[in-house]
Each structure stands twice: as C-alpha cells, then as structure tokens.
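In this note's numbering, the protein residues as written are 1088 to 1281.
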C-alpha cells in the first residue's frame, strides 16, 4: 500500500512539474510575441493570463515564478530605452513588478477561491495588471522621472494616462474577457482524478 501511495505522489509531482514547465513556456512565448504588439510606446503583456492560471492552480509562489519569467523576457526584449538610462533601476523595477504581480494574483485568488471561483479569477485578473502597472509607475517615479520629463511627461499621472494607459486598459480587458476560460481550465485541473 505504501508503494502505491509513493507512486501516486510521484505521478502527481511529475504532473505538476510538467504543468508548471508548460505554463513557463507559454509565458515566454506570449510575452515574446506580445513584444511585437504596441499601443503607444510599450508592448502589450499577453502573459498575464497564464500567470493568473498558474497562480490559481499552483499558488502564490508559482505566480511569482511565472511573473519572474515574464519579467526576464521583458528585460531581454523590451527594456532598451530604460536600460540606457538606469540599468539597476530597470532591473529592479521590471523584476519586482513581474514577481509581485504573480505573487499577489495568487494571494488574491487563494483568499477568495472558497467563496466563489469566478470572483477569485476576476479579482486576480484585476490585481495582476494593477500591481504590474503600479510597480512600473512607482519605478518610473523613483528611477526615471527626469527622463520622463525629457520625453515630455511632466508628471507620473500624465505618463500613466498618455504613455501607458491604453496598454493597461487592454491588459485588464484581456484578463477580464478570459476570466471564464481561466475558471474552466482551473476546474478541469481541480476535478481531474488520479
């Protein structure tokens, strides 16, 4: 009996590892592809939905990992203008926004899940881009305000509305539109029997 339990645990661990690896690959591909879609100066973050799925299924740590992966792609592919101004500020801002958006999406999901799974996904779908954009704006205020003024943005609020506002709205809408799909994927995972 003990051997059978060990086999089931190993199968479950292997399945989780494979699922997290697939979500990691999806985050990389979506963020890479999203770097070609621009609304204004910045590209769209298409990887937030799989980050939310991973955070809901695997918990806040999985969300943080997927956010970190997304941030690494952003650093490599989409941070040139900011890296030219302040390397340390760019790395801190991008990594922090990625990790915290995934982590807090996972925490939000776990806090609400027992009451209503759809509400938990919607709340996580709101938290993820809000934290992502909020940390980015905070990083801009701390590390890049002088450069933003040089680009014609006299305040962080003007930058938010005119510089990245459309990106934020599109990312938020994508998450909200995909909420029912995300819930269905989570239910499939939860209802799967071993």
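For every residue, glycine included, the Cβ atom is placed at its ideal position computed from N, Cα and C.
*asked:* For residue 1212, which residues in the same chain have their Cβ closer than 7 Å to its Cβ, ignoring the five residues on either side in sequence?
replied: 1139, 1262, 1263 and 1266
*Should residue 1107 and residue 1143 be called a contact, given that it needs their Cβ atoms to be closer than 8 Å?*
no
_For residue 1166, which residues in the same chain have their Cβ closer than 8 Å to its Cβ, ignoring the five residues on either side in sequence?_
1177 and 1181
*Answer with buried or exposed for residue 1237, where buried requires no fewer than 16 other C-beta atoms within 10 angstroms of its C-beta.*
exposed
*How is residue 1143 classed by DSSP in three states: helix, strand or coil?*
helix
_Through-space distance from residue 1132 to residue 1209, alpha-carbon basis_ = 17 Å
_Between 1230, 1115 and 1269, which has its C-alpha nearest residue 1204's C-alpha?_
1269
_As assigned by DSSP and simplified to three states, the class of residue 1124_ = coil
*Ends of the alpha helix (DSSP H) at residue 1175?*
1174-1199
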